[in-house]
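The structure appears right after this line, and notes come after that.
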Amino acid sequence: MARSNEYPIWLENDPHSQSWRTFCSDESVAMMRRLNILSGSGEVIDQAGYDNCLACHNTTRRFTPPAHAAGGDPFETFHSAKKKSFQREGVGCEACHGPSQQWIGVHFQTGWDADYASDNGFVNADDLLTRARMCATCHVGDQDRDMNHDLIAAGHPPLRYEFATYHARQPKHWRDTEADAAWRYEAQLWLAGQIAAMDASLALMIERSQSGPHGGGPAGSQWPELSVYDCAACHHNLGFENQRRPDLPLGRSPGVALVSSWNDIGMRWFLMYRMRGSKAIDVDYQLLDAIEDLRTTLHTDEITDADLVARMSARVRTLLSQWVDQVYAVERFEFEAGELAQLVTQAAGDQETYRTWESASQYYLAAVAARNAWPQGASGPAFFVANRLRLGLRYADRMQTPRFAEANSDRGRQSHPLLAREEAAKLAVELAAWLGPVDQPDLGEWAEDSEKTDRMREDLRAVIDRVNDQIAKRNAERGTRAGIEGTDNKGPRDGDVETPKPNQPEQRDENAAPKPRVKTREELLEELRRRRANQANPFSDD
Numbered sequence: 001m002a003r004s005n006e007y008p009i010w011l012e013n014d015p016h017s018q019s020w021r022t023f024c025s026d027e028s029v030a031m032m033r034r035l036n037i038l039s040g041s042g043e044v045i046d047q048a049g050y051d052n053c054l055a056c057h058n059t060t061r062r063f064t065p066p067a068h069a070a071g072g073d074p075f076e077t078f079h080s081a082k083k084k085s086f087q088r089e090g091v092g093c094e095a096c097h098g099p100s101q102q103w104i105g106v107h108f109q110t111g112w113d114a115d116y117a118s119d120n121g122f123v124n125a126d127d128l129l130t131r132a133r134m135c136a137t138c139h140v141g142d143q144d145r146d147m148n149h150d151l152i153a154a155g156h157p158p159l160r161y162e163f164a165t166y167h168a169r170q171p172k173h174w175r176d177t178e179a180d181a182a183w184r185y186e187a188q189l190w191l192a193g194q195i196a197a198m199d200a201s202l203a204l205m206i207e208r209s210q211s212g213p214h215g216g217g218p219a220g221s222q223w224p225e226l227s228v229y230d231c232a233a234c235h236h237n238l239g240f241e242n243q244r245r246p247d248l249p250l251g252r253s254p255g256v257a258l259v260s261s262w263n264d265i266g267m268r269w270f271l272m273y274r275m276r277g278s279k280a281i282d283v284d285y286q287l288l289d290a291i292e293d294l295r296t297t298l299h300t301d302e303i304t305d306a307d308l309v310a311r312m313s314a315r316v317r318t319l320l321s322q323w324v325d326q327v328y329a330v331e332r333f334e335f336e337a338g339e340l341a342q343l344v345t346q347a348a349g350d351q352e353t354y355r356t357w358e359s360a361s362q363y364y365l366a367a368v369a370a371r372n373a374w375p376q377g378a379s380g381p382a383f384f385v386a387n388r389l390r391l392g393l394r395y396a397d398r399m400q401t402p403r404f405a406e407a408n409s410d411r412g413r414q415s416h417p418l419l420a421r422e423e424a425a426k427l428a429v430e431l432a433a434w435l436g437p438v439d440q441p442d443l444g445e446w447a448e449d450s451e452k453t454d455r456m457r458e459d460l461r462a463v464i465d466r467v468n469d470q471i472a473k474r475n476a477e478r479g480t481r482a483g484i485e486g487t488d489n490k491g492p493r494d495g496d497v498e499t500p501k502p503n504q505p506e507q508r509d510e511n512a513a514p515k516p517r518v519k520t521r522e523e524l525l526e527e528l529r530r531r532r533a534n535q536a537n538p539f540s541d542d
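The sequence shown: position 444 = 444 (the UniProt record's numbering), numbered continuously.
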């Protein structure tokens, strides 16, 4: 829904408006020179590589002016002496909402309806999944936006797309009335982001592998593309402190790098959550099996057959599309913070959650997206545990790798060493225990001996018991206060309040509970009308 101040908000507050400036920075120019995209004098010598960068860092792509056009175009790029020009605006309106030639002059007029403007090329981003997919085209990639390992090696940061987190940091130039239902909104953002990220990564994998081994994918990418794999599999200082120990999940051959889990671990958690809750249908099982089969195939050989990878990735995408039609269409209105909290508690008991820094970080982000289900919110115990986990997982200065920070520690940089795997597991389990019953994860695969395995189990059990004791104490205090408020000032009597136990519903004295106010018929009808209107169109003013 329009606010009529979209452009000023974008220009003054949105980091996307600074994308062209980032593209022209000294760091970016140095990257392009390392990649032989620019010459030492700043001339473009690899147009395909230049366009690959431009696709995400600027709204409009380059174009060749007509032969009769006058010279001296004010938008001519300083990167090339040729007559290749474009509007240098960063990532603007058209990057998300489509070419504006047919709607730019009417979209602000009374009566203009974004729902019916697609014929004019306008992309309506009201739907959360549409919005998440739109962001993923750059923040994950697509067929002509390939941020591959060559760019990472040249200095570009890896792409870590998590829609709910990005969305929370984005200056809003739209009215998002669905956000009023906070207990559901962030969980829905998280789910839409997981779908969009996996779909975009699969589409990019198909594109990269289409040409086969040693063939040219987008922007010269070759198969196998190393950015498909977990960075810490080779660069050990990017993972847990004990990352150098051999990590051989089921089906992985020795010497084969571990496949990245950043873009699919959330969907795997969600599918398993549905299965454990007896909600799964056939397509849930088919999709999870297809994802696991693809990962197993990528783990079988140093150079996996590219055509096979393309076919298997296409099958996962097909099943994901069916899953969206059959399952997400329902979960779009049912999945809330409480359900996401249950997913988090289940993920805390899964050893795959702690296999890599990527999976542990995604666990933290999922838990944060469920924060509307945290006891006492931002002032409660779950918040403080989550903050400790966040500090332990982040890199030294949040921008550079640990190795860089260590090398520059004499310049006053603060060093925050990464957590060891068992330390991350303890914090993750403690966080989950505040949200609901949690099982102990089996970390024996990474233990040096059985004695250490037993010690880790004891530590995790102690964490769960400690949280349950604190929950019991808090429930008892609440029960005691309720009992005192319900007395007739003659002091508490035996049997008035029963001390609650962990993981059991609190029993309260009926006389101590406040009587609910009975809503009038008019209030109930108004509430029902609002709910129906919100389900039909969550962005409506009604």
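Think of the CB as a built atom: it goes at the ideal place given N, C-alpha and C, for glycine as much as any other residue.
Grab the span of the alpha helix (DSSP H) containing residue 546 for me, first residue to last.
This structure cannot settle anything about residue 546, because the visible part of the chain is limited to 1 through 542.
Local conformation of Y7 per DSSP, three classes
helix
If you reduce the DSSP assignment to three classes, tell me which class Q326 lands in.
helix
For A95, three-class secondary structure by DSSP
DSSP, reduced to helix, strand and coil, places A95 within a helical segment of the structure shown.
If you measure between the beta carbons of I206 and Q362, is that distance less than 7 Å?
no
Going by alpha carbons, who is nearest to W223 out of A154, V309, R145?
Ranking the options by Cα distance to W223, first place goes to V309.
Pair within 7 Å by beta-carbon distance, R311 and A290
no
What three-state label does DSSP hand V344 in the structure shown?
helix
Return the CA-CA distance between M275 and A428, expressed in angstroms with no decimal places.
For M275 and A428, the distance between alpha carbons rounds to 22 Å.
For the stretch 135 to 150 against the stretch 191 to 201, do three or more pairs of beta-carbon atoms, one drawn from each stretch, fall closer than 8 Å, so that the two count as touching?
The stretch 135 to 150 makes contact with the stretch 191 to 201, as at least three CB pairs between them are under 8 Å.
Note down, in chain order, each residue of its chain lying with its Cβ closer than 6 Å to the Cβ of Q322, except the 5 sequence neighbours on either side.
V283
What is the residue span of the alpha helix (DSSP H) that C135 lies within?
128 to 139
Are the beta-carbon atoms belonging to Y354 and A425 less than 7 Å from one another?
yes
Quickly, what does DSSP pair L38 with across the bridge? List them, please.
V44
Going by DSSP in three states, Y395 sits in which element: helix, strand or coil?
Residue state, collapsed to three classes: coil.
CB of A280 within 7 Å of CB of L258, strictly
no
Just grab the DSSP bridge partners of Y229 for me.
V259
Considering only residues of the same chain and omitting the five flanking positions on each side of R388, which have a CB-CB separation below 6 Å?
L427
Leaving aside the five residues before and after V463 along the sequence, list all residues of the same chain whose C-beta is less than 6 Å from its C-beta, in chain order.
These residues qualify, in order along the chain: K426, V429, E430.
Rounded separation between N36 and V344 - CA only
45 Å
Contained alpha helix (DSSP H) runs [length at least 4] in the stretch 152 to 201, N- to C-terminal order:
163 to 169
Between the Cα of M32 and the Cα atoms of D14, D51, Q18, which residue gives the shortest distance?
D51
Close-in-space but distant-in-sequence residues of the same chain around T22 (CB under 7 Å, 5 per side omitted)
Closer than 7 Å at Cβ, skipping near neighbours: S28, H57.
Determine the DSSP secondary structure at R276, reduced to helix, strand or coil.
helix
Would you call Q326 buried or exposed, if buried means 16 or more other Cβ atoms sit within 10 Å of its Cβ?
exposed
Identified DSSP bridge partners for D142
R145
Considering just the uninterrupted stretch of the alpha helix (DSSP H) at L298, what are its terminal residues?
282 to 298
Keeping to the same chain, check which residues put their C-beta closer than 8 Å to that of S118; ignore five residues upstream and five downstream.
N124
On the criterion of 16 or more Cβ atoms from any shown chain inside 10 Å, does H16 qualify as buried, or is it exposed?
By the 10 Å Cβ count, H16 comes out buried.
So the candidates are L129, F240, Q109; which of them puts its Cα closest to the Cα of E358?
F240
Whole angstroms is fine: what's the gap from A341's alpha carbon to A432's?
8 Å
How would you label T110, buried or exposed, when you count the other beta carbons within 10 angstroms and need 16 or more for buried?
exposed
Could you check which residue in N5, L151, I152 has the C-alpha nearest to that of H107?
N5
Output the distance between the C-alpha atoms of H173 and A182, rounded to the nearest integer angstrom.
19 Å
L271 vs L288 beta-carbon contact at 7 Å
yes
Distance, A476 Cα to E466 Cα:
The sequence given here has Arg at residue 466, not Glu. The C-alpha of R466 lies about 15 Å from the C-alpha of A476.
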